[in-house]
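Reviewing the structure listed below.
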Amino acid sequence: MIAHWFDHAPRRVLAFISAACIAMLAFGLYLQHVVGLEPCPMCIVQRYALIFVAILAGLASASGKKGWWMSLTALAVLSSGFGAFTAARQSWLQWFPPEVSMCGRDFYGMIENYPIRRAIPMIFKGSGDCTAIDWTFLGGSIANWSFVWFVVFGLAMLWLLVRGLRIR
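Quick note: the sequence shown uses this note's numbering, first residue 436, plus one each step.
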């Protein structure tokens with residue numbers, strides 16, 4: 436049944452992955468702006484990776500030509516791998532926190548202590564602590580769940596690529 440979807444509807448699978456990424460991004464923004472959780476620099480990097488996966492998978496699902504959707508899917512797999520690596524590193528830091536946390540800076544401290552041309556890029560890096568676990572679901576932190584979903588998306592897209600190479 437699942438193999439049937441991967442063989443006969445790869446564009447639907449890619450559209451689903453893109454939609455799932457968008458839903459995850461929306462949930463992250465909800466946690467930030469409604470719940471009040473501050474994203475750390477590693478969280479911001481994972482968001483960018485998720486944005487790239489969403490865009491590339493979405494473009495691949497919209498492409499009717501096999502060469503294009505396979506190329507875009509390969510790039511999405513790389514983005515997913517990068518996101519998984521960052522989430523795994525953050526999970527490691529959460530499980531084994533260092534003695535001194537040097538992950539993020541205070542927003543007002545950046546504005547007061549740095550010239551504006553240096554402060555603006557620092558603002559977009561996030562200000563939360565990468566080792567802090569502020570939210571959990573079924574025992575997993577946001578970084579843990581991010582890792583799981585990056586791996587699921589990456590494996591699904593790899594499977595699409597392997598199946599796509601077999602089908603002429």
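All C-beta atoms in this analysis are idealised placements derived from N, C-alpha and C, irrespective of residue type, glycine included.
* Asked: Where does F531 fall in DSSP's three states?
  -> coil
Can you find the residues in the same chain that come closer than 7 Å, C-beta to C-beta, to L494, ignoring five residues on each side of it along the sequence?
L507
| field | Proximity of A511 and F582 at Cβ, strictly below 8 Å | value | no
query = Are any of the Cβ atoms in chain B nearer than 8 Å to that of L507?
reply = You won't find chain B in this structure, because it holds only one protein chain.
> Buried or exposed: which applies to W530, given that a residue is buried once 16 or more other Cβ atoms fall within 10 Å of its Cβ?
Replying inline: exposed
Name the DSSP beta bridge partners of G575, please?
F572
- Task: Express the C-alpha separation of A458 and G499 in angstroms, rounding to a whole number.
- Result: 24 Å
Exercise. Grouping DSSP H, G and I as helix and E and B as strand, with all else coil, what is K501?
Worked result: helix
Next on the checklist: Just to check my reading of the structure: W504 and R446 have Cβ atoms closer than 8 Å, yes? What is that Cβ distance to the nearest angstrom?
Outcome noted: 7 Å
Could you give the first and the last residue of the continuous alpha helix (DSSP H) run that contains V448? P445 to Y465
Quiz prompt | Under 8 Å between C-beta atoms of A484 and L449 | solution = no
For I558, which residues in the same chain have their Cβ closer than 6 Å to its Cβ, ignoring the five residues on either side in sequence? Note that I558 has pLDDT 49, beneath the 50 cutoff, so the model's placement of it is unreliable and no number is given.
**Report entry** Rounded Cβ spacing between A509 and S453 (contact assumed at less than 8 Å)
**Finding:** In fact, because the Cβ distance is near 15 Å, the residues do not count as touching under 8 Å.
task: Give me the Cα-Cα distance between G575 and D569, rounded to the nearest whole angstrom.
output: 11 Å
Practice prompt. Kindly give me the distance between the Cβ atoms of F572 and W580, rounded to whole angstroms, as I take these residues to be in contact under 8 Å.
Written response: 6 Å
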